[in-house]
Amino acid sequence: MGKGLIGRKVGMTQIFDDAGNRIPVTVVKVEGNVVVQKKSAKGKDGYSAIKVGFGDVKLLEKEGTEPKWRLSKPRVGVFLKAGIDKPRRFVREFRVSEGELDSYEVGQELGADTFNVGVWIDVTGTSKGRGFTGVMKRHNFAGAKASHGVHEFFRHGGSIGMSATPGRVFKGKKMAGQHGNARVTVQNLRIMQVLPDENAILIKGAIPGPNGGVVTLRSAVKKTVV
13 MGKGLIGRKV
23 GMTQIFDDAG
33 NRIPVTVVKV
43 EGNVVVQKKS
53 AKGKDGYSAI
63 KVGFGDVKLL
73 EKEGTEPKWR
83 LSKPRVGVFL
93 KAGIDKPRRF
103 VREFRVSEGE
113 LDSYEVGQEL
123 GADTFNVGVW
133 IDVTGTSKGR
143 GFTGVMKRHN
153 FAGAKASHGV
163 HEFFRHGGSI
173 GMSATPGRVF
183 KGKKMAGQHG
193 NARVTVQNLR
203 IMQVLPDENA
213 ILIKGAIPGP
223 NGGVVTLRSA
233 VKKTVV
């Protein structure tokens, strides 16, 4: 249980603490978060949570036709039903306690001040896609020796087979293949600064995805001190 926001990764920079130590941080813009729906454990859903929308949607305006959002009608209808005139492209759900549910209202805008400086969060995003890569890049294999008779085998993975028993390749064997472009969560990252005027959050360390990628910020699940 805890707080959550959707944001867009801007990039990395550095800040300095009072002792002059350099701290690498990632800047995340969280402007435009809005509460779309509240779910209560006492209702038909059976659990308490909030749904949050984020990301601008273009309005297609063509002469002689009715303006239409560049989004499917069912997704637009979710926002219209909630009384939100401008739909959002991304929707995420965050579990909250029943007591915390009362502090949210449908249509409420959430900003960077949702989180405080010093709290621990988990960040989820889609990692950079690197295409089809070999075992050295994908799994950090050492590779073969580059001398003493090794011939055109420098970056290979070595033997993958078995003896007569079991006589097959086990599932999950580390081999070459698709690398990246996967959902990744980095846990226990600390918020170093909150900039309410810019609706930005500075997070210590690196987070998944390219600059401009959409990420989800949640209260850390493995930290008891917040």
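Residue 55 in the working numbering sits at position 43 of the sequence shown; the count goes up by one each step and never skips.
We treat Cβ as the ideally placed atom computed from N, Cα and C, and that holds for glycine.
Only a predicted model underlies this, so the values are computations on that prediction, with no experimental measurement involved.
Length of the line joining the Cα atoms of residue i and residue j
{"i": "V22", "j": "F166", "result": "38 Å"}
{"i": "A94", "j": "T145", "result": "45 Å"}
{"i": "S52", "j": "F182", "result": "45 Å"}
{"i": "A61", "j": "G14", "result": "10 Å"}
{"i": "E75", "j": "R100", "result": "24 Å"}
{"i": "V226", "j": "I18", "result": "7 Å"}
{"i": "V88", "j": "K63", "result": "14 Å"}
{"i": "V238", "j": "R230", "result": "Bear in mind that the predicted position of V238 carries a pLDDT of just 48, short of 50, making it too unreliable to give a figure here."}
Counterpart residues of residue i in DSSP-defined beta bridges
{"i": "I215", "result": "T38 and I203"}
{"i": "E105", "result": "K63"}
{"i": "V135", "result": "V198 and L229"}
{"i": "I18", "result": "T228"}
{"i": "I27", "result": "I35"}
{"i": "Q190", "result": "F144"}
Check whether residue i and residue j have beta carbons under 8 Å apart
{"i": "G32", "j": "V48", "result": "no"}
{"i": "T138", "j": "N223", "result": "no"}
{"i": "G213", "j": "F127", "result": "Checking the sequence shown, residue 213 turns out to be Ile, not Gly. Yes, these two residues count as a Cβ contact at 8 Å."}
Three-state secondary structure (DSSP) of residue i
{"i": "V238", "result": "Model confidence at V238 stands at a pLDDT of 48, short of 50, so the residue's coordinates are unreliable; what they give is reported in the following sentence. If DSSP states are grouped into helix, strand and coil, V238 belongs with coil."}
{"i": "G155", "result": "coil"}
{"i": "V147", "result": "helix"}
{"i": "K70", "result": "coil"}
{"i": "E110", "result": "helix"}
8 Å Cβ cutoff, residue i in contact with chain B
{"i": "R87", "result": "Looking for chain B here will not work: only one protein chain is present."}
> With contact counted as at least three CB pairs below 8 Å, one residue from each stretch, are the segment 177-197 and the segment 133-148 in contact?
Replying inline: yes
> Taking three-plus beta-carbon pairs below 8 Å as touching, is the segment 119-138 in contact with the segment 201-208?
Replying inline: Yes, they touch.
> Should the segment 208-221 be called in touch with the segment 35-45, which here means at least 3 C-beta pairs below 8 Å?
Replying inline: yes
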